[in-house]
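Novice: Structure incoming, see below.
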Amino acid sequence: MISLLISLIKTMTTPSVDPVDPIQPLANEILRRILPELNSLLREHVAAIDKPQEIIVRNQRHPDADILVELGKQHRKFEAVLSLVNIDIPVYIHGPTGSGKTWGCKMISKALQIPFYRKVVSPQSSESYIFGYKDGSGNYVPGIAYTAYSQGGLLLIDEIDNGNPSINTCIKMLTDGTECYFPCGLVERHKDFRLVANANTIGNGANMQYVGRSPQDKALLNSFMFVEWGYDRSFEKELAMKEYVNWGGQKVEEMEKAVRSFWRLRDSIDRLKINHIVSPRNLIHLARATATGVATNVIIRGAILRGMNDEQYKQIQEDVKKHRVSEKEEEEEDIKVMTMKVVAKVNNSNIDEDTPF
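Sequential numbering from 11 applies to the sequence shown in the numbering used here.
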């Protein structure tokens with residue numbers, strides 16, 4: 011069955027050099043006749059492939075004990091980051107806003123069964139915020155890194171690319187060796203200390219979307235393993251559908267259509283290269299508003315196209331209309347994509363993701 015589908019799809023998507031080649035029209039006709047049965051069959055398989063997996067891990071601190079930690083559904087990059095953090099490699103997670111980076115770090119600390127500490131840095135952040143200081147009486151006031159470093163825990167330096175690069179350089183001390191100097195003296199590194207940094211950029215400075223970011227010291231960046239954490243459609247859809255139901259939504263199919271419309275608008279914004287962010291946060295707002303009966307035009311302008319001028323709004327409308335296909339064409343395209351996903355899964359490969367890191 012899979013071999014037949016591959017042959018049909020290749021025939022349908024590969025231009026023929028012979029203008030009177032009878033094979034391609036025949037393949038098209040066969041595929042259209044079996045659309046209903048094929049659609050149902052593929053959706054069952056793809057639902058299992060696309061759906062975020064329920065992640066249950068063995069207690070990382072006591073791998074020999076029969077202790078399981080239920081983490082629920084997670085981002086597709088979660089297990090890769092968990093593996094790196096577990097073997098004590100500092101990780102620099104970079105990706106667009108609202109993609110779930112901070113939440114992922116919280117779940118990693120849960121998987122490792124260690125405390126979670128978070129510090130959001132800014133250009134005004136000082137070294138004392140992280141390492142602490144001595145007050146006027148000479149007493150040491152710990153910073154957020156002290157407890158995690160000395161007693162164990164996952165320390166998340168959030169928005170690290172928004173911090174002062176000169177101050178951020180001190181973070182490198184937390185990655186070197188088994189001891190670190192704090193204002194109270196030399197402190198031994200706890201075996202369960204883990205370090206993660208989150209950012210919207212790779213540390214090279216500001217861009218059109220993240221205008222406040224600063225270039226970071228290359229020695230600091232060299233201390234981390236980089237992992238790109240982009241938008242995960244399957245994961246964000248799962249979150250949106252859950253939000254919709256939690257807020258009393260009952261028309262699940264209508265909400266699924268709203269999710270697809272959300273993606274079409276985001277794709278259009280990307281195609282038009284409009285400097286605008288449409289993140290999973292906005293999709294969750296859309297789900298909540300839809301469930302509670304907020305008007306569609308209010309949701310679109312407020313949650314998705316917020317802040318855009320009339321000309322940009324018109325461009326997006328025209329672009330979406332231009333690229334919109336009929337329901338039948340959309341169904342046929344869905345089947346092609348679903349078939350390739352099933353084939354990729356069978357072949358133990360992935361056709362629509364980048365490398366794990």
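Even for Gly, the Cβ is constructed at its ideal location relative to N, Cα and C.
As the structure is a computational prediction, the values presented were derived from the model and not from experiment.
1) Just grab the DSSP bridge partners of Leu-205 for me.
2) Please report how far the alpha carbon of Val-95 lies from the alpha carbon of Glu-137, in whole angstroms.
3) Going by the CB atoms, is the gap between His-104 and Ala-216 shorter than 7 Å?
4) Starting from Val-130, trace the alpha helix (DSSP H) both ways and give me its first and last residue.
5) Looking only at its own chain, which residues have a Cβ that is under 6 Å from the Cβ of Pro-290, when we skip the five neighbours before and after it?
6) Just grab the DSSP bridge partners of Phe-192 for me.
7) When DSSP builds the beta bridges, which residues end up paired with His-104?
8) Does DSSP classify Tyr-143 as helix, strand or coil?
9) Start and end of the alpha helix (DSSP H) containing Leu-94?
10) Using a 10 Å radius around the Cβ and a threshold of 16 neighbouring Cβ atoms, would you call Ala-299 buried or exposed?
11) Assuming Glu-189 and Arg-204 make a contact with CB atoms under 8 Å, what is their CB distance in whole Å?
12) Is DSSP giving Pro-225 helix, strand or coil here?
13) Quick check on the DSSP output: the alpha helix (DSSP H) that includes Gln-325 runs from which residue to which?
14) Spell out the partners DSSP gives Asn-214 in its beta bridges.
15) So, do the stretch 122-130 and the stretch 156-175 have three or more beta carbon pairs nearer to each other than 8 Å?
16) Please state the DSSP three-state secondary structure of Tyr-150.
17) Leaving out the 5 sequence neighbours to the left and right, which residues in its chain are closer than 8 Å to Gly-187 when beta-carbon positions are compared?
18) I need the DSSP call for Asp-171, collapsed to helix, strand or coil.
19) Please report the straight-line C-alpha distance between Ser-271 and Leu-293, rounded to a whole angstrom.
20) Below 8 Å on the Cβ atoms is my guess for Asp-395 versus Arg-276; work out the distance and round it to an integer in Å.
21) Determine the extent of the alpha helix (DSSP H) in which Thr-300 is found, giving its start and end residues.
22) Go to Val-308, then tell me how far its alpha helix (DSSP H) extends in each direction, as first and last residue.
23) Quick one, which of Ser-132, Lys-83, Asp-242 and Val-91 has its alpha-carbon nearest Ser-224's?
24) What residue range is occupied by the uninterrupted alpha helix (DSSP H) comprising Asp-277?
25) Grab me the residues of Asp-60's own chain with a C-beta within less than 6 Å of its C-beta, minus the 5 sequence neighbours each way, in chain order.
Specialist: This is what the structure gives:
1) For Leu-205, DSSP records a beta bridge to Leu-165.
2) Each residue's CA atom was taken as its position, placing Val-95 and Glu-137 some 24 Å apart.
3) Not in contact: Ala-216 and His-104 (Cβ atoms no closer than 7 Å).
4) Note, Val-130: premise wrong, no alpha helix (DSSP H); beta strand (DSSP E) at 126-130.
5) Non-local C-beta neighbours of Pro-290 in its own chain, meaning closer than 6 Å and more than five positions away in sequence, comprise Gly-108 and Glu-246, ordered along the chain.
6) Partner(s): Gly-195.
7) The partner list for His-104 (beta bridge, DSSP) reads Ala-209 and Glu-238.
8) DSSP places Tyr-143 in strand when its eight states are reduced to three.
9) Its alpha helix (DSSP H) spans residues 88-96.
10) Burial state of Ala-299 is buried, judged by a 10 Å Cβ sphere holding 16 or more other Cβ atoms.
11) Rounded, the Cβ-Cβ distance is 17 Å, inconsistent with contact.
12) Per DSSP, reduced to three states, the secondary structure at Pro-225 is strand.
13) Counting along the chain, the alpha helix (DSSP H) containing Gln-325 begins and ends at 320-333.
14) According to DSSP, residue pairing for Asn-214 in a beta bridge involves Pro-225.
15) Short answer: they touch.
16) Note: Tyr-150 maps to strand in three-state DSSP.
17) So the qualifying residues of the chain are Arg-199.
18) Asp-171: helix per DSSP, three-state reduction.
19) Rounded to the nearest angstrom, the two C-alpha atoms are 10 Å apart.
20) Outside the displayed range of the chain (11 to 367) lies residue 395, so it cannot be described from this structure.
21) 290-301 is the span of the alpha helix (DSSP H), which, as asked, contains Thr-300.
22) Here the alpha helix (DSSP H) through Val-308 covers 306-309.
23) Of all alpha-carbon atoms in Ser-132, Lys-83, Asp-242 and Val-91, the one lying nearest the alpha-carbon of Ser-224 is that of Ser-132.
24) Going by DSSP, Asp-277 is part of the alpha helix (DSSP H) stretching over 262-281.
25) For Asp-60, the predicted structure reports a pLDDT of 49, less than 50, and the residue's modelled location is therefore unreliable. A value from the coordinates is still provided. Result list for Asp-60: Ser-244, in chain order.
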